[in-house]
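**Q** The structure is given below, and queries will be raised subsequently.
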């Protein structure tokens, strides 16, 4: 059988669209789960710098999972701004941010009661070369992390 027109090998690979298929779908901002660590950080509004770092490092998806079975120590923006300017965090690359965040994550879940049960605790973080030191100064006093009074709330 012959054809009057030539054979075009890539004819099946060409797709045509009607105007109705080219509709614009606006991007919706990603909302974190309410019962996740990222959802808690977002809902309070006090952790915008940490959320920026998590998003830049693409670790916000990990912290948003309900299966995130680790302890994250988060400093509110007011404490961070006492020591650093916002421009400091804007100039960090992704690798530096991942290392910084891994220093604040323990590989397992530890609650405040466990930390307060001992006077001194030294815990390994997700960063292989760093450890967090906790000093308990009593039931009502905040925990001292690495010797600095950061007023840490364990969640």
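Numbering (the numbering used here), first residue to last: 89 to 243. Heads up, the beta-carbon is just placed ideally off N, CA and C, and yes, glycines get one too. Predicted model, so just to flag it, every value in this text is computed and none were measured.
#1: Would you tell me roughly how many angstroms separate the C-alpha atoms of residue 212 and residue 125, rounded to the nearest one?
#2: From what residue to what residue does the alpha helix (DSSP H) around residue 167 run?
#3: If you draw a straight line from the C-alpha of residue 148 to the C-alpha of residue 142, how long is it?
#4: Quick check: the Cα distance between residue 223 and residue 209, rounded to an integer number of angstroms?
#5: Pick helix, strand or coil for residue 213, following the three-state DSSP scheme.
#6: Can you pull the DSSP bridge partners for residue 159?
#7: Counting pairs of Cβ atoms below 8 Å between the segment 150-168 and the segment 121-139, do you hit three or more?
#8: For the putative contact between residue 190 and residue 206, defined by C-beta atoms under 8 Å, what is the C-beta separation to the nearest angstrom?
**A** Let's see:
#1: For this step, residue 212 is matched to residue 124 along the chain shown. For this step, residue 125 is matched to residue 37 along the chain shown. Distance between the alpha carbons of residue 212 and residue 125 is about 20 Å.
#2: Counting from 1 along the chain shown, the entry for residue 167 is found at position 79. Run containing residue 167: 165-171, per the alpha helix (DSSP H) assignment.
#3: Taking the first residue of the chain shown as 1, we reach residue 148 at position 60. Taking the first residue of the chain shown as 1, we reach residue 142 at position 54. Each residue's alpha carbon lies about 5 Å from the other.
#4: Taking the chain shown and counting its residues from 1, the one referred to as residue 223 is at position 135. Taking the chain shown and counting its residues from 1, the one referred to as residue 209 is at position 121. Taking the straight line from one Cα to the other gives about 7 Å.
#5: Translated into the one-based positions of the chain shown, residue 213 becomes position 125. Coil.
#6: For the purposes of this step, residue 159 is identified with residue 71 of the chain shown, where counting begins at 1. 194.
#7: At 8 Å Cβ cutoff, the stretches touch.
#8: Your numbering for residue 190 matches position 102 in the chain shown. Your numbering for residue 206 matches position 118 in the chain shown. 24 Å between Cβ atoms; not a contact.
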